[in-house]
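Here is the structure we will look at.
Protein chains in written order, with our numbering: chain D, 1 to 397; chain W, 398 to 779.
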């Protein structure tokens with residue numbers, strides 16, 4: 001057992017830290033981390049940030065050098081996430097493009113697709129969304145109903161997508177469609193690289209319970225795509241989907257480190273906020289609850305370290321790595337639930353009136369998305385039960 | 398980054414597991430319940446042959462001089478089958494106490510026979526008020542010409558497998574002090590009736606029993622706390638072994654038990670319940686590895702690592718056993734199935750040398766969450 005980083009890894013960290021200090025938006029490190037509210041400025045701010053990352057060589061470190069990456073090792077990727085969480089860096093607007101679409105195209109895209117898209121993804125010139133879920137296809141993605149029908153050499157697409165992250169900012173969409181009806185539910189699915197800038201594509205933002213608008217409904221009405229837009233083979237989109245999921249190598253790193261940081265901030269609150277003249281932490285109920293959360297949050301991080309170790313030794317993640325998402329998202333929810341409880345009635349105040357942190361009430365509300373998005377906790381439990389414990393498959397799966 | 402047991406440690410685990418299978422797993426625990434205590438000595442000598450009893454003993458006194466991490470596979474595998482005996486008390490508490498606070502003569506007199514498996518040592522700490530750190534002991538150690546003589550009653554003393562020595566706490570002029578007392582010098586002892594029948598607890602009475610001072614007089618609580626870091630790390634491994642077996646047993650049962658024309662493991666109420674046990678198991682295992690690593694390397698967050706592990710795992714072990722009984726249904730409620738043995742063991746360990754509340758408080762204190770630690774430290778936990 002060894003938790004130390006190598007000299008090379010520490011040098012990497014130092015280089016990134018130095019670069020961030022110079023290149024983060026003005027005032028960011030000093031705590032001025034407000035993002036522009038209106039869509040246009042928000043989009044420009046984030047695209048500029050990605051451009052800055054690109055120019056520094058920090059936009060897609062895990063990519064191969066030939067595509068403009070750094071061929072980063074898994075440990076370097078983890079350090080990267082640690083440092084980005086530490087400075088609470090602005091979000092990566094093209095997360096889907098960089099971590100999912102481009103690596104998939106590198107593996108199974110045509111030369112023309114690589115040529116056309118990969119560099120634009122890296123620079124932030126082209127922002128991507130992911131058209132998966134539909135009103136009738138959430139946890140059960142195979143129930144999708146958006147169709148693509150070939151007419152006069154072009155594909156005509158009709159249907160509705162929902163929970164489409166970044167669609168309001170995106171130029172392109174990694175779109176899942178049905179191109180044929182098959183008895184087998186994983187067949188007949190085709191992935192298109194859809195141009196969002198056309199008449200047949202309409203995007204409507206969805207307002208979340210925390211007031212943010214991070215995802216959208218996308219209506220497709222006779223939207224047009226070509227054969228050249230297909231990823232992999234027609235009708236074999238499920239294999240593309242699986243390939244894309246496997247590209248998420250460092251997986252849950254950012255959420256693990258964010259959870260740790262959020263826990264520290266709740267501790268800070270308990271050490272500084274007084275109720276009835278007494279610090280929160282001096283209340284045995286608060287102390288007990290926080291010590292319990294400390295054990296479990298630290299445990300989740302250590303689980304992640306154990307899974308990384310498995311990947312380093314075996315070249316691929318072990319089955320237990322599928323536990324990380326479930327644990328971290330559930331713990332995030334529990335942490336903020338407890339943080340709300342201990343603030344007393346003043347916990348209902350938010351933003352600048354908040355007891356401790358202007359962000360905490362919003363983080364509490366946002367935590368409810370964590371156990372739904374990217375596979376609900378229930379679906380995660382099914383998968384773990386079946387793949388790791390070998391329990392019989394759920395009805396309908 | 399390397400957060401895994403070493404190849405040697407994993408190989409050793411395989412060997413211990415094989416030996417436990419040879420002993421017919423929980424058959425030894427059940428032998429103790431039916432009154433056959435010979436099995437305890439058999440298992441101890443078997444483990445000694447494999448070198449287990451020499452692991453934590455330093456090389457100068459015939460041990461292997463290995464660390465807390467090398468005990469992880471041992472206690473996971475013995476915990477998995479609820480192996481009865483004083484392995485935890487001897488190897489993870491008495492040995493660290495003797496190694497840290499014993500004189501060279503005390504070590505030379507006792508540790509070689511521990512390393513060879515001939516001797517086991519128990520802890521006679523609790524008194525009738527049941528508190529872990531009482532303000533003072535009612536057991537008194539009076540000075541004599543050659544040393545000390547102890548008089549008083551100790552209870553909840555583990556005596557399975559006939560330990561030849563007790564480490565005990567008694568009151569001296571300086572305060573609470575630690576002593577070594579020979580089992581043969583105990584005046585009388587009364588066996589207690591225990592929920593976990595694989596354990597044997599006694600109330601022992603000392604009447605002018607010769608005691609050998611261990612460490613500085615007046616510092617019993619601090620020394621025990623230090624020793625308990627080793628003990629709790631090992632105890633956590635033992636509980637993880639038990640949890641691992643519970644998850645396995647329960648998942649296997651859910652695959653073969655058919656109701657409504659299908660294996661019950663297909664129902665989400667059952668499936669998700671077992672997955673939750675698995676989640677706790679993985680967290681428990683990570684925390685226990687880290688605790689052992691922190692003890693072995695004397696890491697700065699050693700206390701937080703051990704106490705947080707203990708607080709989580711004590712509770713999780715009970716929950717895993719309780720949920721396993723429920724998922725097994727009627728058969729889970731019977732004596733025939735092993736699940737009940739795990740529940741009783743989990744309950745036995747819950748407050749053994751510290752409660753969940755104690756561990757959480759100790760976690761908070763070691764992480765310095767309190768602005769005025771001095772005031773709180775004046776009142777010892779429990």
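Where a beta carbon is used, it is the ideal one built from N, C-alpha and C, also for glycine.
Residues of the segment 652 to 666 of chain W that bring their beta carbon within less than 8 Å of a beta carbon in chain D comprise 652, 659, 660, 662, 663 and 665, in sequence order. Here residue 551/W is buried. Its C-beta has 16 or more other C-beta atoms within 10 Å. Within the DSSP secondary-structure output, residue 219/D pairs in a beta bridge with 160/D and 202/D. Against residue 395/D, the close residues of chain W are 663, in the order they occur along the chain (beta-carbon pairs closer than 8 Å). For residue 1/D, the neighbours in chain W by C-beta distance under 9 Å run, in chain order, 399, 400, 401, 402, 403, 466, 686, 687, 689, 690, 693 and 694.
When secondary structure is reduced to three states using DSSP, residue 130/D falls in the strand class.
A straight line joining the alpha-carbon of residue 612/W with that of residue 574/W spans about 8 Å. The way I'd put it, the segment 292 to 302 of chain D does touch the segment 697 to 716 of chain W; three or more beta-carbon pairs between them come closer than 8 Å. Residue-level contact by beta carbon holds for residue 672/W and chain D, with a gap shorter than 8 Å.
A distance below 8 Å between beta-carbons, with the five flanking residues on each side excluded, links residue 180/D to the following residues of its chain, in chain order: 187, 188 and 235. Between residue 480/W and residue 742/W, the C-beta spacing is not below 8 Å. DSSP places residue 499/W in the coil class of the three-state scheme, outside both helix and strand.
The Cβ of residue 719/W sits no closer than 8 Å to any Cβ of chain D. Secondary structure at residue 436/W: helix, using DSSP grouped into helix, strand and coil. Buried is the label assigned to residue 16/D, since at least 16 other Cβ atoms lie within 10 Å of its Cβ. Within the segment 623 to 655 of chain W, the residues whose Cβ lies closer than 8 Å to any Cβ of chain D are, in chain order, 644, 648, 651 and 652. Residue-level contact by beta carbon fails for residue 697/W and chain D, as no gap is shorter than 8 Å. Looking at the DSSP output, residue 155/D shares a beta bridge with 150/D and 225/D. Residue pairing for residue 555/W: DSSP places it in a beta bridge opposite 598/W. Not a single C-beta of chain D is nearer than 8 Å to the C-beta of residue 522/W. Per DSSP, reduced to three states, the secondary structure at residue 292/D is helical.
Scanning 182/D, 224/D, 237/D and 98/D for the CA closest to the CA of residue 132/D turns up 237/D. In this structure, residue 77/D sits away from residue 9/D, with a CB-CB distance that is not shorter than 8 Å. For residue 166/D, the secondary structure class from DSSP, reduced to helix, strand or coil, is coil.
Across the set 155/D, 311/D and 96/D, the C-alpha of 96/D shows the shortest separation from the C-alpha of residue 121/D.
Rounded to whole angstroms, the separation of the alpha carbons of residue 305/D and residue 129/D is 30 Å.
Three or more pairs of CB atoms, one per stretch, sit closer than 8 Å, so the segment 549 to 566 of chain W contacts the segment 516 to 536 of chain W. Counting only the Cα atoms, residue 319/D lies some 10 Å from residue 310/D. Under the three-pair Cβ rule at 8 Å, the segment 148 to 164 of chain D does not count as touching the segment 94 to 109 of chain D. Rounded to the nearest whole angstrom, the C-alpha separation of residue 421/W and residue 387/D is 30 Å.
Within the same chain, 660, 661, 662, 667, 668, 671 and 724 come within 8 Å of residue 651/W by CB-CB distance, once the 5 residues on both sides are set aside. Residue 200/D sits close to residue 224/D, with the two beta carbons spaced by under 8 Å. Spatial neighbours of residue 653/W in its own chain (CB-CB distance under 8 Å, excluding positions within 5 residues in sequence) are listed in chain order as 660. In this model, residue 475/W and residue 4/D are separated by some 31 Å (Cα to Cα). Straight-line spacing of the CA atoms in residue 208/D and residue 216/D works out to 10 Å. Residue range 7 to 23 is occupied by the alpha helix (DSSP H) that includes residue 13/D.
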